[in-house]
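Asks: 109 is the number of the first residue of the sequence shown in the working numbering; add one for each residue after it.
Every residue gets a Cβ at the ideal spot worked out from N, C-alpha and C, and that includes glycine.
Here the structure is a predicted model, which is why all the values come from computation and not from measurement.
Starting off with a structure, shown below.
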Amino acid sequence: MFNGLSPMSGYGIGTSNTGRHVAFTYGLSREQSGRYLGLGRAGIPPATGSGGGASTAPTPPPRAPGKEGTGSGFFVSRQGHVMTNEHVVRGCARLQVARIAGGTVPASLVAADAANDLAAVKTKAAPPSVAAFRTSGVRQGETAVAYGFPLTGLVTSGGAFTTGTVSALAGLRDDTRFFQLSTPIQGGNSGGPVLDGSGAVIGVATASLVSRRGGDVQNVNFAVKADIARTFLDAQGIRPETSAGGRELPATEIAQRARTFTVRVECKAS
């Protein structure tokens with residue numbers, strides 16, 4: 109079984125053709141590896157280049173020269189701070205932010221938290237609007253919509269709006285920092301906002317897990333909870349706007365609002 113947690117991290121558990129149990133991770137810390145494989149830190153060996161048994165890569169290698177990528181993000185302050193995922197900005201020589209209204213502006217990394225897959229970057233651009241974080245916790249069964257820039261270069265460059273519901277109140281192995289949602293999250297959506305029915309932020313899109321067992325395919329999506337994201341921002345002196353939630357809005361109105369504060373985050377190799 110192979111599970112992709114993000115474009116740059118994942119893990120697998122299975123049996124080799126000689127009957128040996130094999131487990132591996134990539135792009136995860138030793139603590140994360142232990143959690144996903146059901147082992148304590150002491151049970152995770154150092155990374156190895158070859159040989160049998162389990163192997164891990166506690167720290168992902170730097171981006172190869174010339175390798176670039178994109179993700180999503182959203183404005184969280186009037187001063188131009190943008191929230192995104194740590195794996196979106198990892199190893200970038202240069203960052204820039206592209207707005208739907210047009211134009212690309214340089215960005216600088218403010219802080220990153222690999223354990224929670226969160227990062228904040230800063231631009232000099234004045235945002236047309238900023239996202240508001242809901243102060244109450246996420247609820248199972250409630251509306252969960254995502255806005256972002258999936259599959260850049262293949263589909264629309266104008267942003268994509270997808271809808272679903274909150275499926276579970278915890279992530280993999282009951283990790284309560286995350287919640288599970290049915291809302292589609294594709295490559296490039298990472299770091300974008302997950303909103304409730306009133307348009308308030310309830311999470312940050314972080315991963316889409318695809319399991320293949322024989323012919324069976326399951327697509328499961330995860331987001332970092334809004335309170336975790338707010339704590340990260342608070343630690344950097346960034347005070348995002350908040351909302352108590354409110355009446356359900358038409359999906360068209362939520363999408364229109366999300367367009368104004370959601371951006372594409374571009375990682376440049378030079």
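Per the contact definition of three or more C-beta pairs closer than 8 angstroms, is the stretch 228-238 in contact with the stretch 293-313?
Replies: no
Asks: Go ahead and pull the three-state DSSP assignment for Ala312.
Replies: The question names Ala, but residue 312 is Val in the sequence shown. In the structure shown, Val312 sits in a strand (DSSP, three-state: E or B).
Asks: Restricting to Cα atoms, I'd like to know which of Ser378, Val371, Ala377 is closest to Gly181.
Replies: Val371
Asks: Do you know whose CA, among Asp342, Asp221, Val205, Phe241, lies nearest Pro214's CA?
Replies: In this structure, Val205 is the residue among Asp342, Asp221, Val205, Phe241 with its C-alpha nearest to the C-alpha of Pro214.
Asks: What does the alpha-carbon distance come out to for the pair Gln248 and Arg285?
Replies: 15 angstroms
Asks: Check this for me: beta carbons of Gly267 and Ile208, under 7 angstroms apart or not?
Replies: yes
Asks: Considering Cα atoms alone, identify which of Phe330, Ser378, Gly354, Ala352 is closest to Gly254.
Replies: The identity of residue 254 in the sequence shown is Ala, whereas the question assumes Gly. Nearest of Phe330, Ser378, Gly354, Ala352 to Ala254, Cα basis: Phe330.
Asks: Closest to Gly307 by C-alpha separation, out of Thr339, Asp282, Thr270, Ala276, would be which residue?
Replies: In terms of CA proximity to Gly307, Thr270 leads the group Thr339, Asp282, Thr270, Ala276.
Asks: What does a CB cutoff of less than 6 angstroms around Ala363 pick up in its chain, not counting 5 residues either side in sequence?
Replies: Closer than 6 angstroms at Cβ, skipping near neighbours: Phe269.
Asks: In this structure, what does DSSP give as the bridge partners for His189?
Replies: For His189, which the question treats as bridged, DSSP gives the partners Lys230.
Asks: Following the continuous alpha helix (DSSP H) through Ala337, name the residue where it begins and the one where it ends.
Replies: Start and end: 334-343.
Asks: Just to confirm, are Val332 and Thr314 a CB contact at a threshold of 7 angstroms?
Replies: In this structure, the beta-carbon distance from Val332 to Thr314 falls below 7 angstroms.
Asks: Under DSSP, the alpha helix (DSSP H) around Glu374 begins and ends at which residues?
Replies: Careful: Glu374 lies outside any alpha helix (DSSP H), inside the beta strand (DSSP E) at 370-376.
Asks: Nearest to Asn56 by CA position, among Pro358, Ala366, Gly311, Ala377, is which residue?
Replies: Given that the chain is displayed from residue 109 to residue 378, the structure contains no residue 56 and the question cannot be resolved.
Asks: Should Thr291 be labelled buried (16 or more other beta-carbon atoms within 10 Å of its own) or exposed?
Replies: buried
Asks: Where do the N-terminal and C-terminal ends of the alpha helix (DSSP H) with Val184 fall, by residue?
Replies: Per DSSP, Val184 belongs to no alpha helix (DSSP H) and is neither H nor E.
Asks: So, for Ala233: in the same chain, excluding its five sequence neighbours on each side, which residues have a beta-carbon less than 6 angstroms away from its beta-carbon?
Replies: Gly188, Val213
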